[in-house]
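Just below is one structure, and these are the notes that go with it.
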Amino acid sequence: MTTGTEARLERIGTDGSYVIVPMDHGITMGAVQGLKDIESTIDGVTRGGADAVLTQKGIAPRVHDNKNGKGYIVHLNGSTTIGPDEQDKRVTGTVEEAIRVGADAVSFHINVGSDYEPDQTSQLAEITAKADRFGIPVLAMAYARGPGIDSADPESLGHAVRLAEEVGADVVKTGYSGDADSFKHVVESTRLPVVIAGGSRGTDRNTLEMVRGAMDAGGDGISMGRSIFQHEDPEAIATAVAGIVHDDLSVDEALTESGLALEV
């Protein structure tokens, strides 16, 4: 890892842990709640404690004035929910373009076990090689997704995160296996920092229990989109999540300190 990569990792995290809010879903789902006025959402989540936000390259002009000095990640592939196959993620940008629009890091999605895994693996390897030359960190979004694969299976998730390390990523995002005990296997499958995805939005308590479980298993944070940017109060839920990731709060403590309701 180069000095530049290390320096930029510090811009997208805090002391080796990460609260990242992806908002690249406009390409996937359209201008859903939280993304129409993305400027306000970016301002809220970064005020709440997010270390970095993530978008596609074209949204960069709407990011910088609103991220309150926090980190910025540009995502380099995508697909839509109305296309023929959402798992068929296609390249949407380059490392050079990400640097040009002011990114501190890049990210790339790979569906391990899918029909598109071979091409996506090669593309991720090309990105990590290019990013290393520029000292740019790579967040690999490595999911276990494909025919007959349980996307929460710890063995499959462990394989996905190991693939990310093998091809040169610096941080890896993956799904949550459902509990801390099983997620330990996923974390132990790689030496990379492991952050969890949020998936579709649940209750605040469900979201925070998932974050707490991942951290208890030895995880290094979260990269949650819809659970945060679609929340009625993105700043408050970001505060609660950051409280668990960065301050080791319990779920009840995080709910209380963020001003969210103590759900049962």
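In the UniProt record's numbering, the protein residues as written are 1 to 264. Idealized CB from N, CA, C, for every residue including glycine.
Check                                                                                                                                               : Outcome
Taking the alpha-carbon positions, what's the Asp115 to Gly44 distance?                                                                             : 38 Å
Identify which residue in Thr81, Tyr18, Ile99 has its Cα closest to the Cα of His25.                                                                : Thr81
Over what stretch of residues does the beta strand (DSSP E) that includes Pro22 continue unbroken?                                                  : 18-22
For Thr75, is the classification buried or exposed, using 16 other Cβ atoms within 10 angstroms of its Cβ as the cut-off for buried?                : Position check: residue 75 holds His in this sequence, whereas Thr was assumed. Buried.
Roughly how many angstroms separate the alpha carbons of Glu96 and Gly78, rounded to a whole number?                                                : 17 Å
Between Lys184 and the rest of its own chain, which residues show a CB-CB distance below 7 Å, the 5 nearest in sequence each way excluded?          : Ala217, Gly218
Report yes or no: do three or more beta-carbon pairs, one from the region 201-210 and one from the region 18-33, lie closer than 8 Å?               : no
Can you tell me whether Met141 is buried or exposed, with buried defined as 16 or more other CB within 10 angstroms of its CB?                      : buried
Measure the C-alpha to C-alpha separation of Ala261 and Ser182 and round it to an integer number of angstroms.                                      : 29 Å
Counting only the same chain and skipping the five closest in sequence on each side, list residues whose C-beta sits under 6 Å from that of Pro193. : Val171, Asp220
With H, G and I counted as helix, E and B as strand and the rest as coil, what does DSSP make of Gly69?                                             : coil
Tell me the DSSP secondary structure of Val74 in three-state form.                                                                                  : strand
Indicate whether Ala164 and Ala144 have their beta-carbon atoms separated by less than 8 Å.                                                         : no
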